[in-house]
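Chemist: Numbering (my numbering), first residue to last: 13 to 232.
Okay, here's the thing in structure tokens:
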């Protein structure tokens, strides 16, 4: 088995994070979410967090050099020796090319979902203000309205999940991130998955893809 180096591609709301978390649990590979790292930096009030917050709140992309620095530091940790699952990175061609100078990708999973479905997914999404658990008012509501099932803290709508910012994020995705599809297709590592299915069906298809590619097995 080779070192599994998997990238998830797809517009905001396609379920990249959900699928990466499930794969991480199945294979013991670290799920590296640049969005989570940045949001944690914002919460902690670090210099990186303050720099990133105003950019993220507008639905724009954090500069490539900042993201590449975060990824480089994260991949240096011991848990990445067997491989990694990248979620939310790369988002631009420059990031992909910069990453190729640090490491390489052997499986790029493109999750496709119609844009109208994505708007509905994101605008109705809610996040726990304390533990970060995710809910959806239609597909996965909390047992008590506005309250996290896990820790009891208040649920909030992320600023970048408001309708105006969601539409801005889609415009940025089409302009900046869609070129990555051709980039990874040319490298022969791109795999497409229909994300407009239930979570378990999508997960099953992704597992089949990466196991057929010989990147992982059930023993990790």
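Quick reminder that beta carbons are idealized off the backbone N, C-alpha and C, glycines included. Quick caveat: nothing in here was measured; it's all calculated off a predicted structure.
Quick one: what's got a C-beta closer than 7 Å to residue 103's C-beta in the same chain, skipping five residues either side?
Modeler: Correct list, in chain order: 73, 188 and 189.
Chemist: If you follow the beta strand (DSSP E) that residue 206 is part of, which residue opens it and which one closes it?
Modeler: Its beta strand (DSSP E) spans residues 202-206.
Chemist: How about residue 195 and residue 119: do their beta carbons lie closer than 9 Å?
Modeler: No, the Cβ-Cβ distance between residue 195 and residue 119 is not below 9 Å.
Chemist: Output needed for residue 184: all residues of its chain with C-beta closer than 7 Å, excluding positions within five of it in sequence on either side, in chain order.
Modeler: Once the five neighbours on either side are set aside, the close Cβ partners of residue 184 are 71, 72 and 73.
Chemist: Taking the alpha-carbon of residue 61 as reference, which of 131, 82 and 36 has the nearest alpha-carbon?
Modeler: Nearest option by C-alpha distance: 82.
Chemist: When you compare each of 17, 90, 58 and 26 to residue 181 by their alpha carbons, which one comes out closest?
Modeler: The candidate whose alpha carbon is nearest that of residue 181 is 26.
Chemist: When you compare only the Cα positions, how much space is there between residue 231 and residue 36?
Modeler: Caution is warranted here: a pLDDT of 47 is assigned to residue 231, below 50, making its placement in the model unreliable, and the coordinate value is therefore given only provisionally. Roughly 13 Å separates the two Cα atoms.
Chemist: Within 10 angstroms of its Cβ, does residue 283 collect 16 or more other Cβ (buried), or is it exposed?
Modeler: The requested residue 283 does not occur in the structure, where the chain is confined to residues 13 to 232.
Chemist: Under a three-way DSSP split, which group does residue 44 fall into?
Modeler: Residue state, collapsed to three classes: strand.
Chemist: Got a sec, what are the start and stop residues for the beta strand (DSSP E) residue 138 sits in?
Modeler: Here the beta strand (DSSP E) through residue 138 covers 137-140.
Chemist: Could you give the distance in angstroms between the alpha-carbon of residue 47 and the alpha-carbon of residue 18?
Modeler: If I take the Cα positions, the gap works out to 17 Å.
Chemist: Around the Cβ of residue 40, are there at least 16 other Cβ atoms within 10 angstroms (buried) or fewer (exposed)?
Modeler: Exposed.
Chemist: So the beta strand (DSSP E) residue 123 belongs to, where does it begin and stop?
Modeler: From DSSP, the beta strand (DSSP E) with residue 123 extends over 119-124.
Chemist: Looking at C-beta atoms only, is the number of pairs between the region 127-145 and the region 157-172 that lie closer than 8 Å three or more?
Modeler: The region 127-145 is in contact with the region 157-172.
Chemist: What residue range does the beta strand (DSSP E) around residue 147 cover?
Modeler: 146-148 is the extent of the beta strand (DSSP E) around residue 147.
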